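Numbering (the numbering used here), first residue to last: 131 to 643.
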């Protein structure tokens, strides 16, 4: 079932296309009398678009008629009139459609006739087969929301009755080896479930207490797919492949992948490890938590419950004669300093760092106490990474670029394309207009430019000017994230609006893993 649109603020545009036709047919007289339209109805949840959203009498009547939990938002009276005109004109010509649900999604979870464990497995199976990255269960005051996150968007699926929610959460806890008696303390767990012949869903679960009960977020991963991804680097640009391959051939150095949470940094690092020879190299990882297990790599969890953090774990790991270390994240000055020391003693270190882009790693590492000279000596490559939504190839619409879009391409010294893609919607993409995620990369390799390398060596936190370093990097051939995104837009792979997200909202994360 497609997710309902997020409830807009008062008075935003609304049209007949946003109306749940089946619910409108059932509530037609009430709708016309009170100036309201059902935007989304399923299970115990009903979203109403109302001319007067504060009308208590209207809300009470709808609740009595539907026995649903009503959520409302405001629309203009003119939009209400236009929508009703459309709905009434097609009422005789069109059969009333059934409430839409995503392909393969049950109309309800039927916890009265099946055990909570069976329903939990069905939820995981649906999320896995739908290609979702996460399954989310959130207890509310009168029901439990159930949703998946797919291509970075939250999609609501049938909710669960409040009285049955504790049993379902208990089933998930049992599956993941968590305490079923604890409801006031956050817990983390994991499980592996067979969801189809030859297909297993790997779950990483977080259960957190909330004001209405508990919230469960399950990261859903296809381990076999992840292992296949490790067989090749995710970069398509020839220059990016050259720089990454050259870095991975080094016996020592620091390779960083940076970007917001949920943009695939760890997946990229694992693909880098996949290019190394595990028979000749001692490869070890420190992760919080271990994302997925790899049979030929020694993986060590750190963080809460393990008794060690990244900094202490890295120092211990250096005594185990590793050639290559993957560090889940450089979080503090101790880990940053130990990374540099490890590079100086002949280790190849791969790690993630939370910064806006690749060049931003310099400022962040200076903040963590490293010197410019240390960075110039240790840093081989910093990769900035984002995930953007890919247009559905079956239904994308092509339109000529606007004058503003043309100027954007020209500003980044790129040919202006004859057409740009827009999302449309078809059965192949569940009417979303988008299908999957595309990675966008930028590469900052200080050693590729003597001027950049020299500027980096002289940098210190008091006098560092990121703008000057960035300009020098671009002058030497560096290509920023936005420019790389424009290349994808020119190829018709992503919408131009997705490129703007790279420039204006760096934290807008699809969260695709």
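Note that the Cβ used here is the ideal one computed from N, Cα and C, for glycine as well.
A quick note: this is a predicted structure, and the numbers were derived from the prediction, not measured.
Quick one: residues in its chain with C-beta nearer than 7 angstroms to the C-beta of residue i, no 5 flanking neighbours on either side, listed in chain order?
| i | result |
| --- | --- |
| residue 149 | 167, 168, 169, 213 and 217 |
| residue 466 | 460, 495, 498, 499 and 500 |
| residue 361 | 404 |
| residue 251 | 323 |
| residue 270 | 342 |
| residue 629 | 612, 615, 616 and 619 |
Cβ-heavy atom distance between residue i and the ligand PLP below 8 angstroms?
| i | result |
| --- | --- |
| residue 277 | With respect to the ligand PLP, the structure shown offers nothing to examine, as it has no ligands at all. |
Please report the straight-line C-alpha distance between residue i and residue j, rounded to a whole angstrom.
| i | j | result |
| --- | --- | --- |
| residue 202 | residue 348 | 29 angstroms |
| residue 289 | residue 275 | 5 angstroms |
| residue 287 | residue 387 | 34 angstroms |
| residue 437 | residue 406 | 30 angstroms |
| residue 262 | residue 206 | 35 angstroms |
| residue 593 | residue 561 | 52 angstroms |
| residue 379 | residue 488 | 21 angstroms |
| residue 455 | residue 505 | 18 angstroms |
| residue 208 | residue 186 | 22 angstroms |
| residue 296 | residue 479 | 44 angstroms |
| residue 156 | residue 204 | 21 angstroms |
| residue 401 | residue 336 | 26 angstroms |
| residue 161 | residue 191 | 11 angstroms |
| residue 341 | residue 314 | 10 angstroms |
| residue 486 | residue 351 | 26 angstroms |
| residue 210 | residue 151 | 14 angstroms |
| residue 245 | residue 177 | 29 angstroms |
| residue 316 | residue 338 | 4 angstroms |
| residue 644 | residue 189 | No answer is possible for residue 644: the residues shown for the chain start at 131 and end at 643. |
| residue 435 | residue 283 | 31 angstroms |
| residue 334 | residue 163 | 49 angstroms |
Could you give the DSSP three-state label for residue i: helix, strand or coil?
| i | result |
| --- | --- |
| residue 460 | coil |
| residue 190 | helix |
| residue 202 | strand |
| residue 365 | coil |
| residue 538 | helix |
| residue 347 | strand |
| residue 360 | coil |
| residue 603 | helix |
| residue 510 | strand |
| residue 721 | In this structure the chain extends from 131 to 643, so residue 721 is not present and cannot be described. |
| residue 644 | Nothing about residue 644 can be reported from this structure: the residues present for the chain run from 131 to 643 only. |
| residue 453 | coil |
| residue 317 | strand |
| residue 438 | strand |
| residue 566 | strand |
| residue 304 | helix |
| residue 417 | strand |
| residue 428 | strand |
| residue 486 | coil |
| residue 144 | coil |
| residue 560 | coil |
| residue 260 | coil |
Leaving aside the five residues before and after residue i along the sequence, list all residues of the same chain whose C-beta is less than 8 angstroms from its C-beta, in chain order.
| i | result |
| --- | --- |
| residue 652 | Nothing about residue 652 can be reported from this structure: the residues present for the chain run from 131 to 643 only. |
| residue 559 | 522, 524, 525 and 565 |
| residue 469 | 384, 444, 457, 460, 479, 481 and 508 |
| residue 395 | 387, 388, 389, 482 and 515 |
Buried or exposed for residue i, please, with buried defined as at least 16 other CB atoms from any protein chain shown within 10 angstroms of its CB.
| i | result |
| --- | --- |
| residue 354 | exposed |
| residue 195 | exposed |
| residue 370 | buried |
| residue 358 | exposed |
| residue 540 | exposed |
| residue 319 | buried |
| residue 398 | buried |
| residue 441 | buried |
| residue 572 | buried |
| residue 223 | For residue 223, the predicted model reports a pLDDT of 49, less than 50, meaning its position is unreliable; a value from the coordinates is still stated below. Residue 223 should be labelled exposed. |
| residue 610 | buried |
| residue 432 | buried |
| residue 281 | buried |
| residue 595 | exposed |
| residue 447 | buried |
| residue 277 | buried |
| residue 583 | buried |
Quick one: what's got a C-beta closer than 6 angstroms to residue i's C-beta in the same chain, skipping five residues either side?
| i | result |
| --- | --- |
| residue 566 | 520 |
| residue 294 | 241 |
| residue 587 | 502, 503 and 506 |
| residue 153 | 168 and 171 |
| residue 547 | 620 |
Inset, instruction - Flag this pair as touching only if the segment 506-522 and the segment 620-631 have three or more C-beta atom pairs under 8 angstroms; answer yes or no. - result: Judged by Cβ distances under 8 angstroms, the segment 506-522 makes contact with the segment 620-631, as three or more pairs qualify.
Inset, instruction - May I ask you to verify whether the segment 420-430 touches the segment 369-384, counting CB pairs closer than 8 angstroms and requiring at least 3? - result: Verdict: no, contact absent.
Inset, instruction - Would you check if there are 3 or more beta carbon pairs closer than 8 angstroms linking the segment 576-584 to the segment 600-610? - result: Flag = yes, the segment 576-584 and the segment 600-610 touch.
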